[in-house]
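Notes follow once the structure below has been shown.
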Amino acid sequence: MKVISIRNIHIGEGMPKIIVPLIGKNLEQLLVEIKTIQQASPDIVEWRADALDEVESLEVVLKTLSTIREALYPTPLLFTFRSHREGGNKKIEDIYYKQLLCKVVQSRQIDLIDVELFDLHVSEIVEVAKINNVYVVMSNHDFEKTPVKEEIIFRLQRMQELGADIPKIAVMPKLPTDVLTLLDATYTMNSLYADRPIITMSMASTGAISRIAGQVFGSAATFGAGIEASAPGQIPAIKLRKILEVLHTN
Numbered sequence: 545m546k547v548i549s550i551r552n553i554h555i556g557e558g559m560p561k562i563i564v565p566l567i568g569k570n571l572e573q574l575l576v577e578i579k580t581i582q583q584a585s586p587d588i589v590e591w592r593a594d595a596l597d598e599v600e601s602l603e604v605v606l607k608t609l610s611t612i613r614e615a616l617y618p619t620p621l622l623f624t625f626r627s628h629r630e631g632g633n634k635k636i637e638d639i640y641y642k643q644l645l646c647k648v649v650q651s652r653q654i655d656l657i658d659v660e661l662f663d664l665h666v667s668e669i670v671e672v673a674k675i676n677n678v679y680v681v682m683s684n685h686d687f688e689k690t691p692v693k694e695e696i697i698f699r700l701q702r703m704q705e706l707g708a709d710i711p712k713i714a715v716m717p718k719l720p721t722d723v724l725t726l727l728d729a730t731y732t733m734n735s736l737y738a739d740r741p742i743i744t745m746s747m748a749s750t751g752a753i754s755r756i757a758g759q760v761f762g763s764a765a766t767f768g769a770g771i772e773a774s775a776p777g778q779i780p781a782i783k784l785r786k787i788l789e790v791l792h793t794n
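Position one of the sequence shown corresponds to residue 545 (this note's numbering), numbered consecutively onward.
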């Protein structure tokens, strides 16, 4: 199993890493968020740029990114623009999604980039990320349902084939048995097919157990809320760390 190492953070070994999202609408809000989430000692910070009011301006995005990077360093930084079709805040054209992600990667101000599995330009974005030594978190989100186990595994395997350094999937449970489906798929993928870290989660309150069970079933990281949650079911990061430390120690 390959371990992804970014400075002193090693994804794929030890306790699942805690990723905390920044979701401010402007730089002022983002800087307040950073001060707050630093109290939770996140392993990785995710900037959800789709929450930014002026995300359509590449100049604003890059200037904001530079400030975020300086404020957070050396904490690893994950850049995410979550598309509207997968639960994000804004609708943008596919060509701008590609341009945005490529420009951010080429700035070398980030350590990881989120690339959606079903984006039209996924292979091109992955290629640019590889050239610039930025790790790819390839993602897929289903806010309607939990696919069958075989489909979850298929999507994670497809991410590996497309060059993801960390495949990631999030699904919505309708019943507690859907959470078991996600955890079973995670364990099978991690045990039989994965040669790199994976991240999986079941959303909403029903799926909250999946956010703390990664070390048992094979998910290498989990998302904890800072000032606000960026997805349903996120546990506040400070509480999440305490829970994970108890499970890891015992």
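Don't be surprised by glycine CBs; every beta carbon is placed ideally from N, CA and C.
Rounded to a whole number of angstroms, what is the C-alpha to C-alpha distance between residue i and residue j?
i, j, result
"Thr580", "Ile588", "14 Å"
"Leu788", "Ile779", "11 Å"
"Asp728", "His685", "18 Å"
"Lys642", "Asp722", "33 Å"
"Leu724", "Ile697", "14 Å"
"Asp658", "Gln583", "25 Å"
"Tyr640", "Ser549", "30 Å"
"Leu784", "Ser585", "11 Å"
"Leu706", "Leu609", "27 Å"
"Trp591", "Asn552", "20 Å"
"Met545", "Asp739", "5 Å"
"Leu726", "Lys635", "28 Å"
"Ile562", "Glu637", "31 Å"
Can you have a look at residue i and say buried or exposed, based on whether 16 or more other CB atoms are within 10 angstroms of its CB?
i, result
"Gly818", "Because the chain in this structure spans residues 545 to 794, residue 818 falls outside the shown range and cannot be described."
"Glu614", "exposed"
"Met703", "buried"
"Arg629", "exposed"
"Thr793", "exposed"
"Val599", "buried"
"Glu577", "buried"
"Phe662", "exposed"
"Leu664", "exposed"
"Ser735", "exposed"
"Ser749", "exposed"
"Leu719", "exposed"
"Val547", "exposed"
"Glu660", "buried"
"Ser601", "exposed"
If you run the structure through DSSP and keep just helix, strand and coil, what is residue i?
i, result
"Val599", "coil"
"Ser585", "coil"
"Thr766", "strand"
"Ile567", "coil"
"His685", "strand"
"Ile713", "strand"
"Glu637", "coil"
"Lys561", "strand"
"Tyr617", "coil"
"Thr611", "helix"
"Pro780", "strand"
"Met745", "strand"
"Asp663", "coil"
"Thr732", "helix"
"Phe625", "coil"
"Arg740", "coil"
"Arg551", "coil"
"Asp655", "coil"
Could you give the C-beta distance for residue i and residue j, rounded to a whole number, given that I count them as a contact under 8 Å?
i, j, result
"Gln759", "Pro560", "6 Å"
"Ile743", "Lys712", "4 Å"
"Pro565", "Gly770", "6 Å"
"Ile710", "Pro741", "5 Å"
"Gly762", "Met733", "7 Å"
"Ala708", "Ile555", "Going by Cβ atoms, the distance from Ala708 to Ile555 rounds to 13 Å, so no, they are not a contact pair."
"Ile756", "Leu791", "7 Å"
"Asp594", "Phe625", "5 Å"
Is the beta carbon of residue i within less than 8 Å of some heavy atom of the ligand COA?
i, result
"Met747", "The ligand COA is not part of this structure, which contains no ligands at all."
Exercise. Check whether the stretch 688-695 touches the stretch 660-674, counting contact only when three or more Cβ pairs, one atom from each stretch, lie closer than 8 Å.
Key: Taking 8 Å as the limit for Cβ pairs, the verdict is that the stretch 660-674 does not touch the stretch 688-695.
Quiz item: If we count Cβ pairs, one from each stretch, closer than 8 Å, do we get three or more for the stretch 674-682 versus the stretch 646-653?
Solution: Output reads yes: the stretch 646-653 touches the stretch 674-682.
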